[in-house]
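>
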Amino acid sequence: MFQDKSILVTGGTGSFGRRFIATVLERYKPRRLIVFSRDELKQYEMAQHFTDPCMRYFLGDVRDGQRLIQAMRDVDYVVHAAALKQVPAAEYNPMECIKTNIHGAQNVIEAALANEVEKVIALSTDKAANPINLYGATKLASDKLFVAGNNLAGRQRTRFSVVRYGNVVGSRGSVVPLFRKLVADGVAELPITDLRMTRFWITLQEGVDLVLESFARMHGGEVFVPKIPSARIGDLADAIAPGLARKIIGIRPGEKLHEVMVPVDDAFHTLEFPNHYVIKPSIQFVTEPEYEIDATGDRGVPVEDSFEYSSGTNPEFLTVDAIRSLLDRAT
Numbered sequence: 024m025f026q027d028k029s030i031l032v033t034g035g036t037g038s039f040g041r042r043f044i045a046t047v048l049e050r051y052k053p054r055r056l057i058v059f060s061r062d063e064l065k066q067y068e069m070a071q072h073f074t075d076p077c078m079r080y081f082l083g084d085v086r087d088g089q090r091l092i093q094a095m096r097d098v099d100y101v102v103h104a105a106a107l108k109q110v111p112a113a114e115y116n117p118m119e120c121i122k123t124n125i126h127g128a129q130n131v132i133e134a135a136l137a138n139e140v141e142k143v144i145a146l147s148t149d150k151a152a153n154p155i156n157l158y159g160a161t162k163l164a165s166d167k168l169f170v171a172g173n174n175l176a177g178r179q180r181t182r183f184s185v186v187r188y189g190n191v192v193g194s195r196g197s198v199v200p201l202f203r204k205l206v207a208d209g210v211a212e213l214p215i216t217d218l219r220m221t222r223f224w225i226t227l228q229e230g231v232d233l234v235l236e237s238f239a240r241m242h243g244g245e246v247f248v249p250k251i252p253s254a255r256i257g258d259l260a261d262a263i264a265p266g267l268a269r270k271i272i273g274i275r276p277g278e279k280l281h282e283v284m285v286p287v288d289d290a291f292h293t294l295e296f297p298n299h300y301v302i303k304p305s306i307q308f309v310t311e312p313e314y315e316i317d318a319t320g321d322r323g324v325p326v327e328d329s330f331e332y333s334s335g336t337n338p339e340f341l342t343v344d345a346i347r348s349l350l351d352r353a354t
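Residues in the sequence shown are numbered consecutively from 24, following our numbering.
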């Protein structure tokens, strides 16, 4: 579906954007592949690596609606990956987080509608489900905006969906590169927040593949949630630095012991597919798709009313050896 199409990625110089660009170039021949971001140095570095004639580099910020409208001219598909993601930074700089994650989401939606983009997928996070920190709250607001964008589109062709997943192995700012750096620096002990803590884990490539598959599956208005394994923070430490002592430092501001991707309050409109869940929109659309059958023909079934998809009760947990294998695949 991406052959000879124009695709734009906001936040395209980030970890996800770079892997997404590489994957699309490897599998398809798009007409244009547009990197939209505000960092000119990262764009310069990407341009040295990704030299395909279809590549375009647009300097701009998602806070600038007019620039987004210019960048999306004649674009078919948009991936919205731009966000301020660091939980502590968001707590200390709330206005900046709101401007990028909420106002930026609104700008992306309005620019897509103005240009009649065919499909838009916004990246979300497990922290948007029952959020307790500002980052999660802004991403929940963003998710709601993108779902409601389908009503703004009405009978126009533009459709919006959301992909929500957990921690990306090895992404910038995550615990894996932190632990590896500390081990390389020769520390005597690893800082552990709480041994009970669990997280959902996904590789960067799996995240990219999920987004590509969701473009094919989407009707518009869904939140796609992959079935992915959980890992305990203590097991992650054992996988990276077996035998190294640990220092319990306590949970940081805005952190949870366990993350949730499908809250129990969303169970009554959640469908289970073989490899993922779909949270249907809670609002009525002008045209209501049959979400039980996705655009590829796969059929989902409703989950139990008491269902919750939590990293603490996930039926699939990674062993220490499995974590090592995951880390190897992610490098």
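Just so it is clear, CB atoms sit at the ideal spot from N, CA and C, and this is done for glycine as well.
Which word fits residue 190, buried or exposed, when buried means at least 16 other C-beta atoms lie within 10 angstroms of its C-beta?
Buried, since its Cβ has 16 or more Cβ neighbours within 10 Å.
> What separation, rounded to the nearest whole angstrom, lies between the Cα atoms of residue 133 and residue 178?
Cα to Cα, the separation comes out at about 15 Å.
> Distance, Cα to Cα, residue 236 vs residue 154?
Each residue's Cα considered, the two are about 27 Å apart.
> What are the start and end residues of the beta strand (DSSP E) that includes residue 212?
Looking at the DSSP string, the run of the beta strand (DSSP E) that includes residue 212 is 212-215.
> For the beta strand (DSSP E) holding residue 32, just list the boundary residues, first then last.
Segment 29-33, the beta strand (DSSP E) holding residue 32.
> Under 8 Å, do residue 158 and residue 113 count as touching if we go by C-beta distance?
Yes.
> I need the boundaries of the beta strand (DSSP E) containing residue 142, first residue and last residue.
142-146 is the extent of the beta strand (DSSP E) around residue 142.
> Based on Cα-Cα distance, which residue from 87, 72, 102 and 292 lies nearest to residue 57?
Here the closest residue by C-alpha is 102.
> One question on the structure: do residue 32 and residue 104 come within less than 8 Å of each other, judged by their Cβ atoms?
Yes, they are a contact pair.
> Run the proximity test for residue 251: is its beta-carbon closer than 7 Å to any non-hydrogen atom belonging to the ligand GDP?
For the structure depicted, the ligand GDP is absent and the ligand set is empty, with no information on it obtainable.
> Would you give the residue range spanned by the beta strand (DSSP E) that residue 249 belongs to?
Here the beta strand (DSSP E) through residue 249 covers 246-249.
> Take residue 87 as the anchor and find which of 74, 276 and 61 has the nearest alpha-carbon.
Selected option, being the one with the closest Cα: 61.
> Which one of 213, 333 and 289 has the shortest CA to CA distance from residue 270?
Selected option, being the one with the closest Cα: 213.
> Buried or exposed for residue 259, please, with buried defined as at least 16 other CB atoms from any protein chain shown within 10 angstroms of its CB.
When all chains shown are included, residue 259 counts as buried.
> In three-state DSSP terms, what is residue 292?
Three-state DSSP puts residue 292 in a helix.
> Could you give the first and the last residue of the continuous beta strand (DSSP E) run that contains residue 43?
Where residue 43 is concerned, there is no enclosing beta strand (DSSP E), although the alpha helix (DSSP H) it sits in stretches over 38-50.
> Using CA coordinates, which residue listed in 45, 44, 338 and 49 is at the minimum distance from residue 221?
Residue 338 is the option with its Cα nearest to residue 221.
> Hey, out of 45, 216, 121 and 142, whose CA is closest to residue 161's CA?
Residue 121 is the option with its Cα nearest to residue 161.
> Are the CB atoms of residue 131 and residue 91 nearer to each other than 8 Å?
Yes, the Cβ-Cβ distance between residue 131 and residue 91 is below 8 Å.
> With DSSP run on the structure shown, which of helix, strand or coil describes residue 219?
Residue 219: coil per DSSP, three-state reduction.
> Only counting the same chain, and skipping five residues up and downstream in sequence, which positions put a Cβ closer than 8 Å to that of residue 96?
Contacts found: 138.
> What number of angstroms, rounded off, separates the C-alpha of residue 315 from the C-alpha of residue 297?
Cα to Cα, residue 315 sits roughly 13 Å from residue 297.
> Ends of the alpha helix (DSSP H) at residue 352?
Per DSSP, residue 352 belongs to the alpha helix (DSSP H) from 343-353.
> Taking the CB atoms as reference points, tell me whether residue 185 and residue 169 lie closer together than 8 Å.
Yes; because the gap between Cβ atoms is below 8 Å, this pair is in contact.
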